[in-house]
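Protein chains: 2
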Amino acid sequence: MAAAAPPPPPTPAPSAPTGLPDSDSTPVGHPLFTRIRLATPLDIPHIHKLIHQMAIFEKLTHLFTATESSLASTLFKSPPFQSFTIFLLEVSAHPFEKDSSFHSQGFTPIERIFNLDHTLIDPEAETFKSGINSDVVVAGFVLFFPNFSTFLGKPGFYVEDLFVRECYRRKGLGKLLLSAVASQAVKMEYGRVEWVVLDWNVNAIKFYEEMGANVLPEWRICRLTGPALEAYRDAI
Amino acid sequence: MAAAAPPPPPTPAPSAPTGLPDSDSTPVGHPLFTRIRLATPLDIPHIHKLIHQMAIFEKLTHLFTATESSLASTLFKSPPFQSFTIFLLEVSAHPFEKDSSFHSQGFTPIERIFNLDHTLIDPEAETFKSGINSDVVVAGFVLFFPNFSTFLGKPGFYVEDLFVRECYRRKGLGKLLLSAVASQAVKMEYGRVEWVVLDWNVNAIKFYEEMGANVLPEWRICRLTGPALEAYRDAI
Numbered sequence: 027m028a029a030a031a032p033p034p035p036p037t038p039a040p041s042a043p044t045g046l047p048d049s050d051s052t053p054v055g056h057p058l059f060t061r062i063r064l065a066t067p068l069d070i071p072h073i074h075k076l077i078h079q080m081a082i083f084e085k086l087t088h089l090f091t092a093t094e095s096s097l098a099s100t101l102f103k104s105p106p107f108q109s110f111t112i113f114l115l116e117v118s119a120h121p122f123e124k125d126s127s128f129h130s131q132g133f134t135p136i137e138r139i140f141n142l143d144h145t146l147i148d149p150e151a152e153t154f155k156s157g158i159n160s161d162v163v164v165a166g167f168v169l170f171f172p173n174f175s176t177f178l179g180k181p182g183f184y185v186e187d188l189f190v191r192e193c194y195r196r197k198g199l200g201k202l203l204l205s206a207v208a209s210q211a212v213k214m215e216y217g218r219v220e221w222v223v224l225d226w227n228v229n230a231i232k233f234y235e236e237m238g239a240n241v242l243p244e245w246r247i248c249r250l251t252g253p254a255l256e257a258y259r260d261a262i
Numbered sequence: 027m028a029a030a031a032p033p034p035p036p037t038p039a040p041s042a043p044t045g046l047p048d049s050d051s052t053p054v055g056h057p058l059f060t061r062i063r064l065a066t067p068l069d070i071p072h073i074h075k076l077i078h079q080m081a082i083f084e085k086l087t088h089l090f091t092a093t094e095s096s097l098a099s100t101l102f103k104s105p106p107f108q109s110f111t112i113f114l115l116e117v118s119a120h121p122f123e124k125d126s127s128f129h130s131q132g133f134t135p136i137e138r139i140f141n142l143d144h145t146l147i148d149p150e151a152e153t154f155k156s157g158i159n160s161d162v163v164v165a166g167f168v169l170f171f172p173n174f175s176t177f178l179g180k181p182g183f184y185v186e187d188l189f190v191r192e193c194y195r196r197k198g199l200g201k202l203l204l205s206a207v208a209s210q211a212v213k214m215e216y217g218r219v220e221w222v223v224l225d226w227n228v229n230a231i232k233f234y235e236e237m238g239a240n241v242l243p244e245w246r247i248c249r250l251t252g253p254a255l256e257a258y259r260d261a262i
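Okay, structure coming up:
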């Protein structure tokens, strides 16, 4: 796995376990309109840039070899939730126009309004503009896919990556993205949502535990890759 | 994830990285004929029993809630390798009859002969008999499915479970099963094969490292399940 990006440090502990903003709340101050929708192949350039930013954030650019072309040839090959699936997080200073094209494939976009105490400046707004004539920008993503628990005898979701661009962190958007995956898992009667975290990332661990997750202390990941994997080409 | 079953302690270090028996070797002494093939829905009763034995072995029967029915409703829903996939390990004291039905779906069964120094007694041969009029028995399985590395921009395989029944351990059969997955990953140009191991299981870690895997020390698994997951039912 590449690494679930460490999320922003937690916001002050919410009163409810999920602590998400209320979609019916009246915008006051500086509203940030947010939307989570299924990504499409048209989003690949933005997704590629987000993954690259994540590699920089994690100081793992030496492992970053993905190209738009490699993503295009491997993503969006199955219906959503059956294989690799991406939720895209978009933000705007204005309410989203209704776009019925995003309502297909069994997932209705999630909209939430975050009331900020100051206007947010996005230095990369132009780079991450979503659509031509709009002020909607892509702010983050989560990539996940089904895994399987033989003990439960049913699937779950594995979250490979969760990333929110720097200027949108510490506002609850990472929590919204992860909650969207958890909610989808419950809807599908899946048994688990799992991901990984670096053991020294205490902020991330606290954030995940506040969301209800357990960190499993004893399990270690084994990885066979590169020449060591290639050695199996003629082994069988 | 349920837990990749700790494999048998390693056999003496092989001279080659994969160290698998040669399919052309002449059987001497007490040959054990082995075959790895794709599992089918007809194998579910055996698979269910194997998973249960794995839960007993791992002292995790309190987590074991899978039923034949739950497995039947979630497995074999996609073509092999696109989602949850099971390789079944069969053994016999005699050469396998050719069964062309196992050659479908893009995977040719793998056959190997292991030369043992004594006849092997399988106290559960009747329970795990594969087919009606044969001496073929099911000895183990590996369950795996695609995962995705955003950094590599391509899929890999995640090995959820690897299990060999007790009387067949310490003969190289676990290595054969895992090698079959690695070989399939290389064939499909996948970038990684990953699984997990318990940090105190030094025999398993040594075995995996001898197979070329790295154990990643810093990553920890986060799991959201049970009531903590259910809390997200109405969160979005």
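Protein chains in written order, with our numbering: chain P, 27 to 262; chain R, 27 to 262. The beta-carbon is built from N, C-alpha and C at its ideal position, and this holds for glycine as well. Bear in mind that the values here come from a model prediction, so they are computed numbers and not experimental data.
Would you kindly report the start and end of the unbroken beta strand (DSSP E) that includes residue i?
{"i": "Leu89 (chain R)", "result": "Here Leu89 (chain R) belongs to no beta strand (DSSP E), and DSSP marks it neither H nor E."}
{"i": "Glu152 (chain P)", "result": "Where Glu152 (chain P) is concerned, there is no enclosing beta strand (DSSP E), given that its DSSP letter is neither H nor E."}
{"i": "Glu137 (chain R)", "result": "Ile136 to Leu142"}
{"i": "Leu242 (chain P)", "result": "Asn240 to Leu242"}
{"i": "Thr251 (chain P)", "result": "Trp245 to Thr251"}
Which of helix, strand or coil does DSSP assign to residue i?
{"i": "Leu97 (chain P)", "result": "helix"}
{"i": "Tyr216 (chain R)", "result": "coil"}
{"i": "Gly179 (chain R)", "result": "coil"}
{"i": "Ser109 (chain P)", "result": "coil"}
{"i": "Ala165 (chain R)", "result": "strand"}
{"i": "Phe19 (chain R)", "result": "This structure leaves residue 19 (chain R) out entirely; chain R is present only between 27 and 262."}
{"i": "Glu256 (chain R)", "result": "helix"}
{"i": "Ile262 (chain P)", "result": "coil"}
{"i": "Ser209 (chain R)", "result": "helix"}
{"i": "Glu192 (chain R)", "result": "helix"}
{"i": "Pro172 (chain P)", "result": "strand"}
{"i": "Asp225 (chain P)", "result": "coil"}
What residue range does the alpha helix (DSSP H) around residue i cover?
{"i": "Glu235 (chain R)", "result": "Val228 to Glu236"}
{"i": "Pro57 (chain R)", "result": "First-last for Pro57 (chain R): His56 to Leu64, but that is the beta strand (DSSP E), not the alpha helix (DSSP H)."}
Apart from the five residues on each side of it in sequence, which residues of its chain come closer than 6 Å, Cβ to Cβ, to residue i?
{"i": "Ile70 (chain R)", "result": "Glu94, Leu97 and Ala98"}
{"i": "Gly217 (chain P)", "result": "Ser175, Leu178, Lys180 and Gly182"}
{"i": "Thr44 (chain R)", "result": "At Thr44 (chain R) the pLDDT is 41, less than 50, meaning the model places this residue with poor confidence; the figure from the coordinates comes in the next sentence. Excluding residues within five positions, the ones whose Cβ falls inside 6 Å are Ser205."}
{"i": "Leu224 (chain P)", "result": "none"}
{"i": "Tyr194 (chain P)", "result": "Ala165"}
{"i": "Ile112 (chain P)", "result": "Ala65, Phe167 and Leu169"}
Applying the criterion that 16 or more other CB atoms from any shown protein chain within 10 Å of the CB defines a buried residue, is residue i buried or exposed?
{"i": "Glu192 (chain R)", "result": "exposed"}
{"i": "Gly200 (chain P)", "result": "buried"}
{"i": "Gly157 (chain P)", "result": "exposed"}
{"i": "Asp260 (chain R)", "result": "exposed"}
{"i": "Trp226 (chain R)", "result": "exposed"}
{"i": "Asn159 (chain P)", "result": "exposed"}
{"i": "Ile147 (chain R)", "result": "exposed"}
{"i": "His120 (chain R)", "result": "exposed"}
{"i": "Gln210 (chain R)", "result": "buried"}
{"i": "Glu220 (chain R)", "result": "buried"}
{"i": "Pro105 (chain R)", "result": "exposed"}
{"i": "Glu186 (chain P)", "result": "buried"}
{"i": "His88 (chain P)", "result": "exposed"}
{"i": "His56 (chain P)", "result": "exposed"}
{"i": "Thr60 (chain R)", "result": "buried"}
{"i": "Asn173 (chain P)", "result": "buried"}
{"i": "Val117 (chain R)", "result": "buried"}
{"i": "His144 (chain R)", "result": "exposed"}
Excluding the 5 residues preceding and the 5 following residue i in the sequence, name in chain order all residues of the same chain whose CB lies nearer than 7 Å to its CB.
{"i": "Ala39 (chain R)", "result": "Bear in mind that the predicted position of Ala39 (chain R) carries a pLDDT of just 33, short of 50, making it unreliable; the figure below should be weighed with that in mind. Excluding positions up to five away in sequence, the list reads Glu236."}
{"i": "Leu250 (chain R)", "result": "none"}
{"i": "Gln131 (chain P)", "result": "Leu64, Pro105 and Pro106"}
{"i": "Cys248 (chain R)", "result": "none"}
{"i": "Ala151 (chain P)", "result": "Val163"}
Below 7 Å on C-beta distance, what does residue i contact in chain P?
{"i": "Gly132 (chain R)", "result": "The contacting residues do not exist; Gly132 (chain R) stays about 14 Å from chain P at best."}
For chain A, is any of its Cβ atoms less than 8 Å away from the one on residue i?
{"i": "Ala165 (chain R)", "result": "Looking for chain A here will not work: the only protein chains present are P and R."}
What residues from chain R crowd round residue i, counting only those whose CB sits closer than 7 Å?
{"i": "Val219 (chain P)", "result": "Leu250 and Leu255"}
{"i": "Ala92 (chain P)", "result": "Thr176, Phe177, Leu178 and Gly179"}
{"i": "Val212 (chain P)", "result": "Leu255, Glu256, Tyr258 and Arg259"}
{"i": "Leu58 (chain P)", "result": "None at all; the shortest Cβ gap to chain R is about 18 Å."}
Might you give, ordered along the chain, the residues of its own chain that have their beta carbon closer than 8 Å to the beta carbon of residue i, omitting 5 neighbours on each side?
{"i": "Phe90 (chain R)", "result": "Ile77, His78 and Ala81"}
Taking 7 Å as the cut-off, is the C-beta of residue i nearer than that to any heavy atom in the ligand GDP?
{"i": "Glu137 (chain R)", "result": "Ligands displayed in this structure: none; no statement on the ligand GDP is therefore possible."}
In chain R, what lies closer than 8 Å to residue i by C-beta?
{"i": "Val222 (chain P)", "result": "Trp245, Arg246, Ile247 and Cys248"}
Check the Cβ of residue i against every Cβ in chain R and list those closer than 9 Å, keeping chain order.
{"i": "Phe110 (chain P)", "result": "Pro172, Asn173, Phe174 and Pro181"}
{"i": "Asp69 (chain P)", "result": "None at all; the shortest Cβ gap to chain R is about 14 Å."}
{"i": "Ile77 (chain P)", "result": "Thr176, Phe177 and Gly179"}
{"i": "Glu186 (chain P)", "result": "Asn173, Phe174, Ser175 and Thr176"}
Give me the chain P residues within the contact set of residue i, using Cβ-Cβ distance strictly less than 9 Å, ordered along the chain.
{"i": "Tyr194 (chain R)", "result": "The contacting residues do not exist; Tyr194 (chain R) stays about 19 Å from chain P at best."}
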